[in-house]
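Engineer:
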Amino acid sequence: MVVNCAGRTRSIVGAQTLIDAGIPNPVVSLRNGTMDWLLTGRQLAYGRKPQLPEPSAERLQAARQRAENVAQRAGVQRIGDAELARFEAETRERSLYRFDVRTRAEYEAGHLEGWRWAPGGQLVQATDEYVGTRGARIVLADWDGVRALTTAAWLAQLGGWEVFVYAPAARAVRVTGAEPVRVLSLHTSHPLIAPLQAADKVSAGSARVFDIDSRTAYERQHIAGAQFVAPDRIKELVLADYPDDHALLLTSPDGVLAQAVAAELRAQTGREVWAIAGGTAAWAAVGLPLGSADGAVVLTADDDQAYSPYGFSDLALRDAGFVDYLDWELGLVGQLEREGHTGIRLI
1457 MVVNCAGRTR SIVGAQTLID AGIPNPVVSL RNGTMDWLLT GRQLAYGRKP QLPEPSAERL
1517 QAARQRAENV AQRAGVQRIG DAELARFEAE TRERSLYRFD VRTRAEYEAG HLEGWRWAPG
1577 GQLVQATDEY VGTRGARIVL ADWDGVRALT TAAWLAQLGG WEVFVYAPAA RAVRVTGAEP
1637 VRVLSLHTSH PLIAPLQAAD KVSAGSARVF DIDSRTAYER QHIAGAQFVA PDRIKELVLA
1697 DYPDDHALLL TSPDGVLAQA VAAELRAQTG REVWAIAGGT AAWAAVGLPL GSADGAVVLT
1757 ADDDQAYSPY GFSDLALRDA GFVDYLDWEL GLVGQLEREG HTGIRLI
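First residue of the sequence shown: 1457, per the working numbering; consecutive thereafter.
1) Within a Cβ cutoff of 7 Å, which residues of the same chain sit near Arg1689, ignoring the five residues on either side of it in sequence?
2) Contact check, Asp1598 vs Ala1623 under 8 Å by CB: the rounded distance?
3) Since His1567 sits in a beta bridge, which residues does DSSP pair it with?
4) Grab me the residues of Gly1799's own chain with a C-beta within less than 8 Å of its C-beta, minus the 5 sequence neighbours each way, in chain order.
5) Is it right to say Ser1662 is buried, meaning 16 or more other beta carbons lie within 10 angstroms of its own, or is it exposed?
6) Near Trp1573, which residues of its chain fall below 6 Å by C-beta distance, leaving aside the five closest residues on each side in sequence?
7) Tell me, please, whether the CB atom of Val1665 is closer than 8 Å to any CB atom in chain B?
8) If you measure between the beta carbons of Gln1715 and Ala1696, is that distance less than 8 Å?
9) Tell me the DSSP bridge mates of Leu1705?
10) Check each candidate in Val1619, Val1629 and Ala1718 and name the one with the smallest Cα separation from Phe1666.
11) Runs of 4 residues minimum, wholly inside the region 1741-1794: which ones carry the alpha helix (DSSP H) assignment?
12) Quick one: Cα of Gly1747 to Cα of Phe1778, how far?
13) According to DSSP, Ser1485 sits in a beta bridge with which residue or residues?
14) Apart from the five residues on each side of it in sequence, which residues of its chain come closer than 8 Å, Cβ to Cβ, to Gly1566?
15) State yes or no: is the C-beta of Val1595 within less than 8 Å of the C-beta of Ile1679?
16) Is there contact here, the region 1573-1592 with the region 1520-1536, by at least three beta-carbon pairs under 8 Å?
17) For Leu1704 versus Lys1657, is the C-beta distance shorter than 8 Å?
18) Cα separation between Val1484 and Asp1770?
19) Starting from Gln1533, follow its DSSP beta bridges and name the residues at the other end.
20) Give the secondary structure of Asp1556 by DSSP, where H, G and I count as helix, E and B as strand, and everything else as coil.
21) Among residues of its own chain, excluding the 5 on either side of Ala1693, which ones have a beta-carbon nearer than 6 Å to its beta-carbon?
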């Protein structure tokens, strides 16, 4: 069995997951993933998204036993209703993260209220995007006896948190729909403007749009005429010579970050600052124009993010980026050795 990803991390994690589970097949990861595949002159397939078949009851039971064994070796703890209620009552003293690691479709079809969606592989791959507090408690909802235990085993091995698995009762109340979005801000009100109203202001020449989420998201899709700027540099790069009678319109892919930044910027400067309600997605949904990659204007320098080599249309730049990335990732082992104790404890 050969496991691959775009680089190295997820293929190694995936292959090691199968090895730890004790499956009888030989298991390897594809060295350096699709980066090396492209560097050696091979081609990739695009657009195919085949769905894996549902396992039979017999195979699912075997997978449950393997996942249970790995989770026990990693030190994952199971909790019940009483322990979960205690954790929830102690959130002022100890951070608590509750995740559902199933597919988006399964989550939206029915999940425990207040629990966030985090696909298991990504929760392991990019834990810092989901968990902001070291030493926190992490609880994963276990619906099938496999995915939550497997994810929890990796989180426990990474160290830095207490990791638990909670199996909801069959009668547990579930809510449907997408994960609710909360805007965490010091300000109780958020200055919102509807996409059509924002477009009118831009057309009248009394406002400009600035995209503040991530440069990658901006270059993938942005409002026509919008410029990208990192949020912490708006005052320096935009407001220093911005006309006093012009409104500042902020956007992000879903509008969430734009709301928080607009409220803070308005409070700090007293300027007319608005967040486009629903962000770039809402703008596109009502048929307003989007910009092209050729028309992208980035105000901040390249140091605002680590740029994915896959985004380069120039193959020489892409390949150089692949080599730089792989050199960096291969050097992580030595870097960890120099750091000393990292809390990582592999089974």
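C-beta atoms are modelled at their ideal positions from N, C-alpha and C, and glycine is treated no differently. Since we're looking at a predicted model, the values are computed, not measured.
Structural biologist: Reading it off the structure:
1) Excluding sequence neighbours, Arg1689 sits near Thr1756.
2) The C-beta separation of Asp1598 from Ala1623 comes to about 5 Å, placing the pair in contact by the 8 Å criterion.
3) Looking at the DSSP assignment, His1567 forms a beta bridge with Val1631.
4) Sequence-distant partners of Gly1799 (beyond 5 residues in either direction) whose C-beta falls short of 8 Å from its own C-beta, in its chain, are Leu1614, Gly1615 and Gly1616.
5) So Ser1662 ends up on the exposed side.
6) Answer for Trp1573: Asp1556, Tyr1563 and Glu1635, listed in chain order.
7) Looking for chain B here will not work: only one protein chain is present.
8) No, the Cβ-Cβ distance between Gln1715 and Ala1696 is not below 8 Å.
9) The partner list for Leu1705 (beta bridge, DSSP) reads Val1665 and Trp1730.
10) The residue with the shortest Cα to Cα distance from Phe1666 is Ala1718.
11) Entirely contained in the region 1741-1794, the alpha helix (DSSP H) runs reaching 4 residues are, in chain order, 1771-1786.
12) If you draw a straight line from the Cα of Gly1747 to the Cα of Phe1778, it comes to about 28 Å.
13) Partner(s): Val1459.
14) The beta carbon of Gly1566 sits closer than 8 Å to those of Arg1630, Val1631 and Thr1632, all from its chain and outside the five residues before and after it, given in chain order.
15) For Val1595 and Ile1679, no; Cβs fall outside 8 Å.
16) Contact annotation: the region 1573-1592 does not touch the region 1520-1536, with fewer than three C-beta pairs closer than 8 Å.
17) The answer is no: Cβ separation not under 8 Å.
18) Roughly 31 Å between the two C-alpha positions.
19) Per DSSP, Phe1620.
20) DSSP places Asp1556 in strand when its eight states are reduced to three.
21) A quick correction: the sequence has Leu, not Ala, at residue 1693. If we look at Leu1693 and ignore the five residues flanking it on each side, its Cβ neighbours are Val1685 and Leu1755.
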